[in-house]
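Residue numbers (the UniProt record's numbering): 1 to 302. Only one structure is covered here, and it is reproduced in the block below.
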């Protein structure tokens, strides 16, 4: 037993202090998270993003309203705040100087989550992941997060530790999703027809042009039950994959991405898709994976 713990300790120490976490994988995740909030801000008007009564209610009750980016500008200047937030997110998405842009990216993401009236779970996940990236970005002195550079063991330790925490966070998201559906939600998940009611909901539903196809599919009980229980199964697998090796995780990535892409397409949760995609990049892609061939490796220098 002692040998087991010693082997585990040696392997963990070797991983935390030697593997470089500051790679294109971490950079891609940051960029995707920034684009997620950027899409919402760019393609939604101020009137849609913010509600007057909710904005002022949050401003009065929230302890951190004095440092909320949008509340600093106030209701009358939200248009200007939106433009500046978009510019900040564009810079963050580009990867330039992560040491300085990391905190600003989290500031915009968290401020939007607390101030906006149209947020969903994806905005909260985005804010949490951006917060967990802060220790890494503060130690990342590269010109941009796409570059390659060697870091000290202490910086590697902090970076790897934060990526482990993000992976645990992603795993818990899926575990919570399964347990909530099975034990805290309605009976439809157990009965196998929950997807039917979600896709027929007046608020979360598929586009009108898909109606001919979806009407036929949703009329088939086998299809409805397969999608409903398949969702639970995949979420349970995505929780357990935390304990698997990197090859298994990478093999599951396409299925996880398609799953969340389907949610975005059929339920309209684009922000949720982008947030989960950013988290999945950290959760399932090996940090030492080679740069995809579509990029010019020579350009990836610090």
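Glycine included, C-beta positions come from ideal geometry on N, C-alpha and C.
Residue range of the unbroken alpha helix (DSSP H) whose run includes residue i
i, result
"residue 64", "Unbroken run through residue 64: none, as it is neither H nor E."
"residue 135", "121 to 139"
"residue 219", "Element bounds for residue 219: n/a, residue is neither H nor E."
"residue 37", "24 to 42"
"residue 47", "46 to 49"
"residue 98", "98 to 115"
"residue 273", "270 to 284"
"residue 145", "Looking at the DSSP string, residue 145 is not in any alpha helix (DSSP H), and its letter there is neither H nor E."
"residue 87", "78 to 94"
"residue 263", "246 to 267"
Whole-number beta carbon distance between residue j and residue i, since they are thought to touch under 8 Å
i, j, result
"residue 159", "residue 21", "3 Å"
"residue 110", "residue 54", "So it is not a contact: roughly 17 Å between Cβ atoms."
"residue 129", "residue 162", "About 10 Å; that fails the 8 Å criterion."
"residue 211", "residue 19", "Not really, about 49 Å apart at Cβ, beyond 8 Å."
"residue 166", "residue 282", "5 Å"
"residue 127", "residue 34", "So it is not a contact: roughly 12 Å between Cβ atoms."
"residue 235", "residue 178", "5 Å"
Residue from the options with nearest C-alpha to residue i
i, options, result
"residue 188", "23, 224, 76, 156", "224"
"residue 83", "145, 69, 148", "69"
"residue 101", "238, 140, 196, 259", "140"
"residue 233", "174, 186, 57", "174"
"residue 240", "206, 210, 169, 181", "169"
"residue 41", "29, 208, 81", "81"
"residue 249", "273, 286, 275", "286"
"residue 284", "272, 269, 292, 247", "247"
"residue 99", "126, 30, 52", "30"
"residue 197", "177, 221, 86", "221"
"residue 199", "76, 65, 252, 266", "266"
"residue 76", "149, 56, 209, 138", "56"
Beta-carbon spacing of residue i, residue j below 7 Å
i, j, result
"residue 105", "residue 113", "no"
"residue 146", "residue 27", "yes"
"residue 263", "residue 228", "no"
"residue 89", "residue 103", "no"
"residue 96", "residue 24", "no"
"residue 278", "residue 39", "no"
"residue 46", "residue 79", "yes"
"residue 172", "residue 115", "no"
"residue 157", "residue 269", "no"
"residue 260", "residue 273", "yes"
"residue 256", "residue 280", "yes"
Distance cut-off 6 Å: residue i Cβ against heavy atoms of the ligand HEM
i, result
"residue 148", "Absence of the ligand HEM from the depicted structure is noted, as is the absence of any ligand whatsoever, leaving it without description."
Any alpha helix (DSSP H) of 4 or more consecutive residues that is wholly inside the stretch 160 to 195: The stretch 160 to 195 contains, as complete alpha helix (DSSP H) runs of 4+ residues, the segments 188 to 191 (chain order).
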